[in-house]
Each structure stands twice: as C-alpha cells, then as structure tokens.
C-alpha cells in the first residue's frame with residue numbers, strides 16, 4: 012500500500028501524530044459515512060480496507076487485496092477481507108462488478 016505517512020513530533024509535548032498525505036478530513040468523512048451505513052463502529056480491519064480502497068482508487072478482487080495486505084505485513088484472513096468488502100458493498104460504499112472473462116468480482120470505492 013502506498014500510503015505515505017509522516018510523523019510529526021510536537022516539541023516538548025511528547026505527542027507524535029501520524030499525518031497521511033491524502034486528505035485526512037475526507038478520509039474521516041468516509042469513516043463516519045461507513046459507520047452510519049454499517050450501523051456500528053468500524054473495526055481496525057474495516058478502517059484499513061476502506062483507507063486502502065479510498066487512497067489507492069483501484070478496482071481489485073478479494074484475493075488480490077488479501078495478498079497486497081499480506082505483503083504489507085497485515086495478518087488478516089481472506090474470509091475477513093471478503094466479509095468487509097461485502098458489508099461495504101451492501102452499505103453502498105463499494106461498487107462490485109465482474110469484469111468480462113473473470114470469475115471473481117472486483118470492488119472499488121464509490122466517490
């Protein structure tokens with residue numbers, strides 16, 4: 012995942028803030044929209060998948076997303092990835108489509 016983060020150290024405050032180069036306000040809006048659509052809080056995996064799909068703006072199937080996350084060191088099952096993708100598709104946050112000649116559905120973030 013190409014999520015470029017910068018660490019900000021506030022002198023004398025002992026506070027470290029992760030600052031994402033994508034518009035963090037927009038991402039927070041996405042998280043709020045997802046919580047409202049889901050009807051409950053977002054799990055860390057929910058947030059991770061939404062952030063990836065929002066920042067990367069890719070069309071990706073479950074297996075490709077799972078492998079991408081595993082390469083980044085995320086310990087997540089393929090079943091959890093599928094569950095999250097289906098949940099956010101039902102909530103209207105993700106588009107689900109089957110490309111011509113493909114057997115698997117691919118997902119992308121709906122802006």
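Numbering (our numbering), first residue to last: 12 to 122.
Note that the Cβ used here is the ideal one computed from N, Cα and C, for glycine as well.
*Name the DSSP bridge partner or partners of residue 118?*
Beta-bridge pairing links residue 118 to 71 and 107.
_Here's a check: name, in chain order, each residue in its chain whose Cβ is nearer than 6 Å to the Cβ of residue 64, leaving out the five neighbours to either side._
120
*So, do the region 68-83 and the region 46-54 have three or more beta carbon pairs nearer to each other than 8 Å?*
no
*What residues in its chain sit with their C-beta under 8 Å from that of residue 91, if we drop five residues either side in the sequence?*
56
*N-terminal and C-terminal residue of the alpha helix (DSSP H) that residue 91 is part of*: 89-101
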